[in-house]
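Q:
In the UniProt record's numbering, the protein residues as written are 1 to 292.
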């Protein structure tokens with residue numbers, strides 16, 4: 001049965017006027033009348049009662065109208081499903097590597113958007129260090145990873161997906177918290193909690209920021225994770241420089257304040273993948289990363 005004929009019948013049934021229905025459909029009245037006649041012949045039933053007073057639905061027409069609308073709605077759903085499949089190539093699975101700091105803000109945003117825009121793609125999450133992700137990408141155990149930049153990723157394809165400012169974390173009662181504006185020089189002679197060698201990117205970035213300001217930190221502890229740093233700040237052990245997304249962790253007794261740093265000193269997050277990866281589900285996720 002021709003969907004165009006169904007669409008014409010529904011339009012006439014709603015307008016109860018061939019002239020208005022023809023204008024709504026963007027056609028002239030004679031071919032519209034012919035379509036209705038062909039539909040009635042196909043069904044073997046009279047759907048419309050035509051008289052000089054106007055058009056009315058017959059009992060068969062009223063019964064058929066609901067079914068015609070349902071068929072048209074199903075056809076539209078089928079069209080939309082096909083279009084989504086073409087646009088997003090829905091289906092398949094992508095193995096996505098991540099590390100703890102990416103979970104503060106970026107990873108939740110990515111997963112939420114992927115669920116909404118790529119509903120047929122399964123995201124299989126794998127938590128591991130940046131170095132472990134790069135190795136897993138090279139041997140095919142991961143399709144894509146979220147890592148801090150390093151020399152080791154230069155043999156892989158990559159895209160910067162997030163840039164954050166450095167912020168200062170300090171105990172709520174710390175004297176620096178009363179200052180209206182903070183600069184890195186304010187950290188001179190302050191007890192400082194830094195990143196250990198297990199976090200080489202953040203360790204190097206913080207060191208460059210402090211040395212550029214002429215500050216020699218009095219490091220009292222060095223740990224690998226932002227959560228641990230914030231727990232030590234909460235205990236009053238010292239102050240720390242962290243990515244701004246770390247404010248999402250929300251430790252008690254910790255204030256997060258902006259601090260002036262030299263231009264270009266931002267905390268970067270990269271999506272990394274192997275160029276030769278032929279997983280068809282990877283392309284739509286890469287496209288989504290470009291839009292975030």
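All C-beta atoms in this analysis are idealised placements derived from N, C-alpha and C, irrespective of residue type, glycine included. Please read all numbers here as calculations on a predicted model, not as lab measurements.
Does residue 122 pass the burial test, meaning 16 or more other C-beta atoms within 10 Å, or should it be called exposed?
A: Counting from one through the chain shown, the residue named residue 122 turns up at place 122. Classification of residue 122: exposed, given that the 10 Å Cβ count is below 16.
Q: For residue 183 versus residue 269, is the C-beta distance shorter than 7 Å?
A: For the purposes of this step, residue 183 is taken as the residue at position 183 of the chain shown. For the purposes of this step, residue 269 is taken as the residue at position 269 of the chain shown. No, these two residues do not count as a Cβ contact at 7 Å.
Q: Among 135, 198, 259, 140, whose alpha-carbon lies nearest the alpha-carbon of residue 181?
A: Indexing the chain shown from 1 puts residue 181 at position 181. Cα-wise, what sits closest to residue 181 is 259.
Q: Grouping DSSP H, G and I as helix and E and B as strand, with all else coil, what is residue 151?
A: Residue numbering aside, residue 151 sits at position 151 when the chain shown is read from its first letter. The answer is helix: DSSP assigns residue 151 an H, G or I state.
Q: Should residue 21 be labelled buried (16 or more other beta-carbon atoms within 10 Å of its own) or exposed?
A: Counted from its first residue, the chain shown places residue 21 at position 21. Buried, because 16 or more other Cβ atoms sit within 10 Å of the Cβ of residue 21.
Q: Might you give, ordered along the chain, the residues of its own chain that have their beta carbon closer than 6 Å to the beta carbon of residue 212, omitting 5 neighbours on each side?
A: Translated into the one-based positions of the chain shown, residue 212 becomes position 212. Here the set comprises 262.
Q: Below 8 Å on the Cβ atoms is my contact criterion, and I expect residue 95 with residue 124 to pass it. Report the Cβ-Cβ distance as a whole number of Å.
A: Along the chain shown, one-based indexing puts residue 95 at 95. Along the chain shown, one-based indexing puts residue 124 at 124. With a Cβ gap of about 5 Å, residue 95 and residue 124 count as contacting.
Q: Quick one: what does DSSP say residue 50 is sitting in, helix, strand or coil?
A: Translated into positions along the chain shown, residue 50 becomes position 50. Of the three classes helix, strand and coil, the one that applies to residue 50 here is strand, per DSSP.
Q: Tell me the rounded alpha-carbon separation between residue 48 and residue 80.
A: Start at 1 with the first residue of the chain shown, and residue 48 comes out as number 48. Start at 1 with the first residue of the chain shown, and residue 80 comes out as number 80. Answer to the nearest angstrom: the Cα atoms are 31 Å apart.
Q: Determine the contact status of residue 172 and residue 235, defining contact as a CB-CB distance below 7 Å.
A: Numbered from 1 along the chain shown, position 172 holds the residue referred to as residue 172. Numbered from 1 along the chain shown, position 235 holds the residue referred to as residue 235. No; because the gap between Cβ atoms is not below 7 Å, this pair is not in contact.
Q: List the endpoints of the continuous alpha helix (DSSP H) containing residue 290.
A: On the chain shown, residue 290 is found 290 positions in, with the first residue counted as 1. Judged by DSSP secondary structure, residue 290 falls within the alpha helix (DSSP H) whose first and last residues are 282–291.
Q: If you follow the alpha helix (DSSP H) that residue 12 is in, where does it begin and where does it stop?
A: Position 12 of the chain shown holds residue 12. From DSSP, the alpha helix (DSSP H) with residue 12 extends over 3–15.
Q: What do you reckon, are the CB atoms on residue 104 and residue 248 nearer than 7 Å?
A: Residue 104 sits at position 104 when you count from the first residue of the chain shown. Residue 248 sits at position 248 when you count from the first residue of the chain shown. Their beta carbons are under 7 Å apart, which means residue 104 touches residue 248 by this criterion.
Q: Taking Cβ to Cβ, would you say residue 68 is nearer than 7 Å to residue 6?
A: Counted from its first residue, the chain shown places residue 68 at position 68. Counted from its first residue, the chain shown places residue 6 at position 6. Against a cut-off of 7 Å, the Cβ pair of residue 6 and residue 68 comes out as a contact.
Q: Taking the CB atoms as reference points, tell me whether residue 167 and residue 110 lie closer together than 7 Å.
A: Here residue 167 refers to the residue found at position 167 when the chain shown is read from its first residue. Here residue 110 refers to the residue found at position 110 when the chain shown is read from its first residue. No, they are not a contact pair.
Q: If residue 129 sits next to residue 99, beta carbons under 8 Å apart, how far is it from one beta carbon to the other, in whole angstroms?
A: Mapped onto the chain shown, residue 129 falls at position 129. Mapped onto the chain shown, residue 99 falls at position 99. Right, their Cβ atoms sit about 6 Å apart.
Q: Residue 219 and residue 192: beta carbons closer than 7 Å?
A: In the chain shown, residue 219 corresponds to position 219, counting from 1. In the chain shown, residue 192 corresponds to position 192, counting from 1. Yes, the pair counts as a contact, with Cβ atoms nearer than the cut-off.
Q: Based on the DSSP secondary-structure assignment, which residues constitute the bridge partners of residue 164?
A: Your numbering for residue 164 matches position 164 in the chain shown. Partner(s): 267.
Q: Starting from residue 307, trace the beta strand (DSSP E) both ways and give me its first and last residue.
A: With the chain running from 1 to 292 in the structure shown, residue 307 is simply not present.
Q: Drop a sphere of 10 angstroms on the beta-carbon of residue 151, count the other beta-carbons inside from all chains shown, and report buried for 16 or more, exposed for fewer.
A: Position 151 of the chain shown, counted from the first residue, corresponds to residue 151. Exposed: under 16 other Cβ atoms inside 10 Å.
Q: Take residue 185 as the anchor and find which of 30, 8, 208, 214 has the nearest alpha-carbon.
A: By one-based count along the chain shown, residue 185 stands at place 185. Taking only the C-alpha atoms, the option nearest residue 185 is 214.
Q: Taking only beta-carbon atoms, is residue 281 less than 7 Å away from chain C?
A: Reference to chain C is not applicable here, since this structure consists of a single protein chain.
Q: Using only CA atoms, which one of 201, 1, 114 lies nearest to residue 287?
A: Start at 1 with the first residue of the chain shown, and residue 287 comes out as number 287. When each option's Cα is compared against that of residue 287, the closest is 114.
Q: Measuring CA to CA, which of 231, 3, 179, 101 is closest to residue 74?
A: Sequence index remark: in the chain shown, residue 74 carries index 74 (1-based). Minimum Cα distance to residue 74 is reached at 3.
Q: Quick one: residues in its chain with C-beta nearer than 6 Å to the C-beta of residue 187, no 5 flanking neighbours on either side, listed in chain order?
A: Against the chain shown, residue 187 aligns to sequence position 187. Contacts found: 215.
Q: Between residue 92 and residue 271, is the Cβ-Cβ spacing less than 7 Å?
A: By 1-based counting over the chain shown, the position of residue 92 is 92. By 1-based counting over the chain shown, the position of residue 271 is 271. No, these two residues do not count as a Cβ contact at 7 Å.
Q: In angstroms with no decimal places, state the Cα-to-Cα distance between residue 225 and residue 72.
A: The residue labelled residue 225 in the question sits at position 225 within the chain shown. The residue labelled residue 72 in the question sits at position 72 within the chain shown. If I take the Cα positions, the gap works out to 56 Å.
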